[in-house]
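In our numbering, the protein residues as written are 8 to 265.
So the structure is just underneath, and the comments pick up after that.
Written out as structure tokens, the structure reads:
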């Protein structure tokens, strides 16, 4: 009776009138209820769409995610940690040992999602460093974090060092001549020493030689005193020349107005 209401149709359904009248009254009432349900499904609550689409950036930056919805796949929280390595080792180790395990458990308990950390201390192999692909690898990981993460995707730590800006691994063919025109003789010689025309690339471009090609003794561990001394000299020479090359290219680019 409560489902059908207390109107005339309900009275008829409780025993007044013929069986046919009771059936017609019930069908009319049920039909009205079905129509109300259809209309309710078509018209969502006021402001629901706006609430779903609105992203509170301040809350996300504090780790407060939007409520999970059944029709939206659960995405991980994937964070790229950026810093100079040598002067943030203690901080990175403390985060790895004390903080990240708690965050992983909290994300699992609160949002049924996974907390992931990208720490490039263990992601850059010697082969990539030798081919000058470290920056490209880090940039790709940052883009992946931005694409996959449901919340914060990048965290930077600042300490005593500024970090290192390496020279570009490749230079477009159309830019090479313009850069050389803005360099002095010593800078030009250094650039031509490190870069070669890669005609296998499409389009052709100037690419850096590997560290091994320029300083064969750069890699390795152990060895006798002569080998260790040769390795120290190779690493010092590589640092000196790459730093000078990066400065020369940036200066030439600035003179070109780039």
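C-beta: ideal position from N, C-alpha, C; glycine also.
Note that this is a predicted model, so its numbers are computed, not measured.
* Would you kindly work out how many angstroms separate the C-alpha atoms of residue 227 and residue 238, rounded to a whole number? => Distance from the CA of residue 227 to the CA of residue 238, rounded to the nearest whole angstrom, comes to 8 Å.
* Let me know if residue 201 comes out buried or exposed under the rule of 16 or more other beta-carbons within 10 Å of its beta-carbon. => buried
* Run through DSSP, which three-state label would residue 120 get? -> coil
* To do: Sort out for me which residues DSSP pairs residue 214 with in a bridge.
  => 177 and 203
* Asked: Excluding five sequence neighbours on each side, which residues of the same chain lie with their C-beta closer than 6 Å to the C-beta of residue 176?
  -> 139 and 215
* Asked: What are the boundary residues of the beta strand (DSSP E) that residue 89 is part of?
  -> 84-89
* residue 258 - DSSP class collapsed to helix/strand/coil -> The three-state reading of DSSP puts residue 258 in helix, counting H, G and I together.
* Pull up the distance between the alpha-carbon of residue 106 and that of residue 218, whole angstroms please. => 37 Å
* Leaving out five residues before and five after residue 91 in sequence, what residues of the same chain have Cβ atoms less than 6 Å from its Cβ? -> So the qualifying residues of the chain are 168 and 170.
* Do you know whose CA, among 96, 123 and 221, lies nearest residue 109's CA? -> 123
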